[in-house]
Amino acid sequence: MTRTVTDDGGTEKEKSTVEGKKILVTGATGQVARPVAEALAAHNEVWCLGRFGTPGVEEELRALGITTFRWDMNDLGESGYEGLPDDFTHVFHSAVRRGEDGDYNAAVEVNSIATGRLMTHCRTAESFLFVSTGALYKRQTLDHPYAEDDPIDGVADWLPCYPVGKIAAEGAARAFAGVLNLPTTIARLNIAYGPGGYGGVPMLYFKRMLAGEPIPVPVEGQNWCSLLHTDDLVAQVPALWAAAASPATLVNWGGDEPVGMTDLVRYLEELSGIEARLVPSEVTRETYQFAPTRRREITGPCRVPWREGVRRTLHALYPEHIKPQYAA
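The opening position of the sequence shown corresponds to residue 1 in the UniProt record's numbering, with each subsequent residue numbered one higher.
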């Protein structure tokens, strides 16, 4: 379904919506997929796959009318899908083996096979959305606006296995999209944040500030990113599904505004009055600024400015630490 909306320039366009569908979500207890599942559950039949290791989370999802299904992506056999329906119309696949254990081969095998098995099980779906990452791009200048055709190398010193596993899963998604003729979108996510869950990377930095821990920053300049607020992320999912194709559609998924990570931390200082310990380092949590052109063509513009989004997130999660003038 579509509905007519007006973008910031006053131009009318058709915006995709999803209603009355049967939707499968993986990674639904996480920062990205959980708000998507919860929002879609209002007008669709939503199933969430996962281990549900966090106490109470499965019950919270079920209370919203979501059906939960025990699934472990590390189980590479077919038995993990026994009893799972195969008539889903839409799939949102964000579960990932991040590779904190340093096992590259396991990260490649688990992420690629899980993606292939899931796509095969849901081969009749109208659309499959695979959530990848911008961390796989070959590092250029700190403020380079990465586009979808920029080279990749999968190097991330802060979590080396993570982008390698994502590259492998992207390969699987491309292959099965073509082999199964399954319309697919591969969305390379930037930094998602918002009041749900732990708040995303901005709140991870704020926790460091509260603890007085050092925050590594580049020796010269600052890392740049394209923050994406949860409200925009959720609103853009239907359009990303609508853009799915075979061969797979590839798009960078981030916000419209370039955001300096040091500027972000300084803004958190302004909001809270808490000083950050910025320490120049050769190894930082590298981030990537996206050129938003292709994503805007698919989804239209974002609605939440990054400063307002960060203020709202801090107020929701740490109300006791935000200055009164920013609490409104």
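All C-beta atoms in this analysis are idealised placements derived from N, C-alpha and C, irrespective of residue type, glycine included.
When DSSP assignments are scanned along the region 207 to 254, the uninterrupted stretches of alpha helix (DSSP H) that are 4 or more residues long and fall wholly within it turn out to be 230 to 242. When beta bridges are read from the DSSP output, W47 appears opposite L24 and T67. Between D153 and F52, the alpha-carbon positions lie close to 33 Å from each other. A straight line joining the alpha-carbon of P258 with that of N44 spans about 34 Å. Taking 8 Å as the upper bound for CB-CB distance, T185 and V251 are in contact here, some 7 Å apart. Rounded to the nearest angstrom, the Cβ distance from E286 to N223 is 6 Å, consistent with a contact under 8 Å. The beta carbons of L61 and A28 sit closer together than 8 Å. Per the coordinates, the alpha-carbon of T54 lies some 13 Å from the alpha-carbon of R34. Following the DSSP letters along the chain, one finds S112 inside the alpha helix (DSSP H) bounded by residues Y104 to H121. Here T293 is exposed. Its C-beta has fewer than 16 other C-beta atoms within 10 Å.
In this structure, the alpha-carbon of A177 lies about 6 Å from that of S246.
Boundaries of the beta strand (DSSP E) around T184: T184 to L189. In this structure, L64 and E38 form a Cβ contact; the two beta carbons are roughly 6 Å apart against a cut-off of 8 Å. Contact between R277 and E213 holds: CB atoms are separated by about 7 Å, below the 8 Å threshold.
T67 places its beta carbon 8 Å or farther from that of G50. Taking C-beta separations shorter than 7 Å and ignoring five residues to either side along the sequence, the partners of D72 in its chain run R51 and G80, following chain order.
Taking the Cβ atoms as the reference, P280 lies roughly 5 Å from V219, within the contact range of under 8 Å. Between the region 137 to 153 and the region 231 to 240, the count of Cβ pairs shorter than 8 Å is below three; the stretches do not touch. Distances from the alpha-carbon of A243 to those of L182, I274 and P324 put L182 closest. In this structure, the CA atom of R307 is about 14 Å from the CA atom of G199.
With at least 16 other beta carbons inside 10 angstroms of its own, A169 counts as buried. Cβ neighbours of K166 within its own chain (closer than 6 Å, five residues either side excluded): S132, T133 and L136. Looking at the backbone, the Cα of T262 and that of L268 are separated by about 10 Å.
Spatial neighbours of H321 in its own chain (CB-CB distance under 6 Å, excluding positions within 5 residues in sequence) are listed in chain order as S272. In the structure shown, the three-state DSSP call for L278 is strand.
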